[in-house]
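A.B. asks: Residue numbers (my numbering), protein chains in the order written: chain A, 38 to 353; chain B, 72 to 251.
1. Can you list, in chain order, the residues of the stretch 175-186 of chain B whose Cβ is nearer than 9 Å to any Cβ on chain A?
2. Exposed or buried, what is residue 353 of chain A when buried is set at 16 or more other beta-carbons lying within 10 Å of its beta-carbon?
3. What residue range does the alpha helix (DSSP H) around residue 192 of chain B cover?
4. At which residues does the alpha helix (DSSP H) containing residue 244 of chain A begin and terminate?
5. Starting from residue 34 of chain A, trace the beta strand (DSSP E) both ways and give me its first and last residue.
6. Against residue 245 of chain B, what residues of chain A qualify as contacts under a CB-to-CB distance less than 7 Å, listed in chain order?
7. Indicate whether the contact test is met: 3 or more Cβ pairs, each with one atom in the stretch 306-318 of chain A and one in the stretch 80-91 of chain B, closer than 8 Å.
8. Short of 7 Å Cβ to Cβ, which residues in the stretch 51-62 of chain A face chain B?
9. Does any CB atom of chain B fall closer than 8 Å to the CB of residue 213 of chain A?
10. Which residue marks the beginning of the alpha helix (DSSP H) containing residue 290 of chain A, and which one marks its end?
11. So which residues on chain A does residue 215 of chain B lean against when the C-beta distance must stay under 7 Å?
12. What are the boundary residues of the alpha helix (DSSP H) that includes residue 64 of chain B?
13. By Cβ distance below 6 Å, which residues in the same chain neighbour residue 128 of chain A in space, the five residues on each side in sequence not counted?
14. Give the single residue among A:200, A:158 and A:334 whose Cα lies nearest to the Cα of residue 111 of chain A.
15. What's the gap between the Cα of residue 323 of chain A and the Cα of residue 129 of chain B?
16. Let me make sure I understand the geometry here. Which of A:344, A:163 and A:147 has the alpha-carbon closest to that of residue 75 of chain A?
17. Quick check: what's the CA-CA separation for residue 171 of chain A versus residue 148 of chain A?
18. With DSSP as the reference, please indicate the residues paired to residue 149 of chain A in a beta bridge.
19. Compare the C-alpha of residue 221 of chain B against each of A:252, A:284 and A:329 and name the closest.
20. Take residue 268 of chain A as the anchor and find which of B:118, B:161 and B:102 has the nearest alpha-carbon.
21. Rounded to a whole number of angstroms, what is the C-alpha to C-alpha distance between residue 85 of chain A and residue 79 of chain A?
22. Rank A:176, A:88 and A:255 by C-alpha distance to the C-alpha of residue 136 of chain B and give the top, closest one.
23. Given this structure, state the Cα-to-Cα distance separating residue 202 of chain B from residue 151 of chain A, to the nearest angstrom.
24. Quick check for students: name the residue ranges of the alpha helix (DSSP H) that lie wholly in the stretch 118-195 of chain B, counting only runs of 4 or more.
25. Since residue 238 of chain B meets chain A, which of its residues come closer than 8 Å, beta carbon to beta carbon?
26. Note down, in chain order, each residue of its chain lying with its Cβ closer than 7 Å to the Cβ of residue 276 of chain A, except the 5 sequence neighbours on either side.
27. Just tell me which of B:109, B:74, B:120 and B:240 has its CA closest to the CA of residue 198 of chain A.
28. What residues from chain B crowd round residue 226 of chain A, counting only those whose CB sits closer than 7 Å?
29. Shortest alpha-carbon distance to residue 172 of chain B belongs to which of B:78, B:142, B:122 and B:104?
30. List the residues of chain B that residue 311 of chain A touches, going by C-beta distances under 7 Å, in chain order.
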C-alpha cells in the first residue's frame, strides 16, 4: 500500500508540475521577451555621461496613474544599457512579484534597461526581464527534493539526543521492574487491544507510556517511547520486515492523535486575537476520540482480511 | 474549560521532570546501577536516529515533490465537489489534504487561513479543529516503521487513512453543528 502511495505522490507531483509549466509557457504567463516602456528618474542630477559600473539611485516609473513608481538602483553597462535592481513596494504589479519570486534574488527584482540618449535627470527606457521558464519544475527540484531530503536528515539527527535520553531512562525503569509493573496496571484494556502481546511484556509498558505522553502533548517524549515500544514489539515479530497486528494497532493509535490539549493551535489562535482561543477544545476532543475509536475498529477488522493475514505467514 | 486546560497544561509541564526524577529514584531504591543502565540504554539512541534516515528521506521527498509542484491545489479542485457535500468550505480543503502529509505545512496553512479569515470565523475554527484532532500520519508511519526496518506495513496504512478521513469529517460536522 505504501508502495502505491509513494509512487502516486511522486508521479502526480511531477506530472502536475510539468503540466503547470507547459501551461505557463503556452500562455506566456510571464510575458517573456516583452519590453516595458518605462521612465527612469535619477535621484540626483547626474554628471553625464553616466559612468559604467557605478550605482545610481533612481525611480522606475511604469505608470503614474497606478502609482507604479519603484525605487531602484541603476548600474550602467556598455552602450546605452544597464541593469536595474528594483526594490518592491505595495504597488508592485503582481506579475512582477511572481517574476521576483522565480528569480530568487534576495531583496530585489532584476531587470535590463536600454535607452536612446540621456539629456536630463529623467529619460525614457525600455525595460525587459530575463525569460522565466519551468518555475514549477524548479520548485520541485529545490523546494521539494533537495530541501526535503535535507529536512529528513535534520529531523532524524535532531531525534538522536532526546532518543538517547529516553532510551536511557527506560532502561533504568526496565531494570527496576517499573515497565512491567506499569503494564500490569492497564492490563484489562491493553490485553484486548494487543491480544498477541503477553500482558507483562515490556512492550506494553512502553506503549502505555507513549500513549500517556501523547495525551499530554509531550511530543519530545512520545516519539522516543513509541520507538522503544516498536523495538519491543519487534522482539515478538516472527517475520522481520513485516508489521505484526499489534504494531499496526499501535501505529493507528499514534496516527490518530490522542492529544488532549493542542497547545500550538491554541497559541496561534490566541495570538491571532481570538476572543476565546480554547473554545475549539470540545470538538477537538470529540473528533480525536471518534477517529481513534474508528481507527482501532478499522485496523482490527482489516487484520482479519486474508490479504493481510497471508503476509504474516507466506514468504513474499 | 479554562480549569481543564490549566490542569492539563500544569501536568504537561511537570510530567517530564517528575517522571525522570521518579524513575531514577525508584531505580536507585531497587539497587539498579542507574548510571550504567542509563548509558547502556542511551547507546541505542544514535542507531535509531540513523536507522530512520532512509525511510524519512523517502517519505518526505515524495511529499515535497507533491507539494512543490502544485499538486495540492489541483487535488483540492478535483475533490471539491465531494467535500462541498459534507459542508467543508473550499478554503479549508488544503488543510484537510495537508494534515496527514506535513506537520509544518499544515501549521502554515492553518496560520494563513486564520490570518485571512480570523480565528473566530467558521473556517478559522474548522482548520483549528482539524489541526488539533489530526496527526501527520505519513511522518509517524515512516519514523515508527523505519526504526525497526519494516517495509510491509499491512493494514496500518489503510486504517490510518480511514482514521484521518473520519477525523476531518468529524471536525467539519462538529464545527458546522456548533458555530454554523
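Ideal Cβ positions, reconstructed from N, Cα and C, are used throughout, including at glycine.
C.D. replies: On the basis of the coordinates in this document:
1. Listed in sequence order: 175, 178, 181, 182, 185 and 186.
2. Since pLDDT at residue 353 of chain A reaches only 49, below the 50 mark, its modelled position is unreliable, and the value read off the structure follows with that caveat. Counting of Cβ neighbours within 10 angstroms places residue 353 of chain A among the exposed residues, the total staying below 16.
3. Careful: residue 192 of chain B lies outside any alpha helix (DSSP H) and carries neither H nor E.
4. DSSP places residue 244 of chain A inside the alpha helix (DSSP H), whose first and last residues are 239-252.
5. Lying outside 38 to 353, the shown extent of chain A, residue 34 of chain A is not represented and no answer is given.
6. Neighbours of residue 245 of chain B in chain A, taken as residues whose beta carbon is under 7 Å from its own, are 320, 323 and 324 in chain order.
7. When Cβ pairs closer than 8 Å are counted between the two stretches, the stretch 306-318 of chain A is seen not to touch the stretch 80-91 of chain B, the count staying below three.
8. So the close ones are 51, 53, 54 and 57.
9. Taking a beta-carbon distance threshold of 8 Å, residue 213 of chain A counts as an interface residue toward chain B.
10. For residue 290 of chain A, the enclosing alpha helix (DSSP H) has its first and last residue at 282-292.
11. Contacts between residue 215 of chain B and chain A, judged by CB atoms closer than 7 Å, involve 263, 264, 267, 288 and 291 in chain order.
12. The question about residue 64 of chain B has no answer here: the residues shown for chain B are numbered 72 through 251.
13. Shown here for residue 128 of chain A: same chain residues with a beta carbon closer than 6 Å to its own, the five before and five after excluded, namely 104 and 105 in chain order.
14. Selection A:200, A:158 and A:334 evaluated against residue 111 of chain A yields A:158 as nearest (Cα-Cα).
15. The alpha-carbon separation between residue 323 of chain A and residue 129 of chain B amounts to approximately 33 Å.
16. The shortest Cα separation from residue 75 of chain A among A:344, A:163 and A:147 belongs to A:163.
17. For residue 171 of chain A and residue 148 of chain A, the distance between alpha carbons rounds to 19 Å.
18. In the DSSP output, where bridge partners are listed per residue, residue 149 of chain A has A:120 and A:165.
19. When the alpha-carbon of residue 221 of chain B is set against those of A:252, A:284 and A:329, the nearest one is in A:284.
20. With respect to the C-alpha of residue 268 of chain A, the residue from B:118, B:161 and B:102 having the closest C-alpha is B:118.
21. The alpha-carbon atoms of residue 85 of chain A and residue 79 of chain A are separated by roughly 12 Å.
22. Distances from the alpha-carbon of residue 136 of chain B to those of A:176, A:88 and A:255 put A:176 closest.
23. Computed Cα separation, rounded: 52 Å.
24. Secondary structure within the stretch 118-195 of chain B: the alpha helix (DSSP H) runs of 4 or more consecutive residues, fully enclosed, are 124-139, 142-156, 164-169 and 174-188 (chain order).
25. Under the 8 Å cutoff, chain A gives 293, 294, 324, 325, 327 and 328.
26. Excluding residues within five positions, the ones whose Cβ falls inside 7 Å are 349.
27. Ranking the options by Cα distance to residue 198 of chain A, first place goes to B:120.
28. Within chain B, no C-beta atom comes nearer than 7 Å to that of residue 226 of chain A; the closest sits roughly 19 Å away.
29. Distance check between residue 172 of chain B and each of B:78, B:142, B:122 and B:104 places B:142 closest, using alpha-carbon atoms only.
30. Ordered by position in chain B, the residues that pass the 7 Å Cβ test against residue 311 of chain A are 190 and 191.
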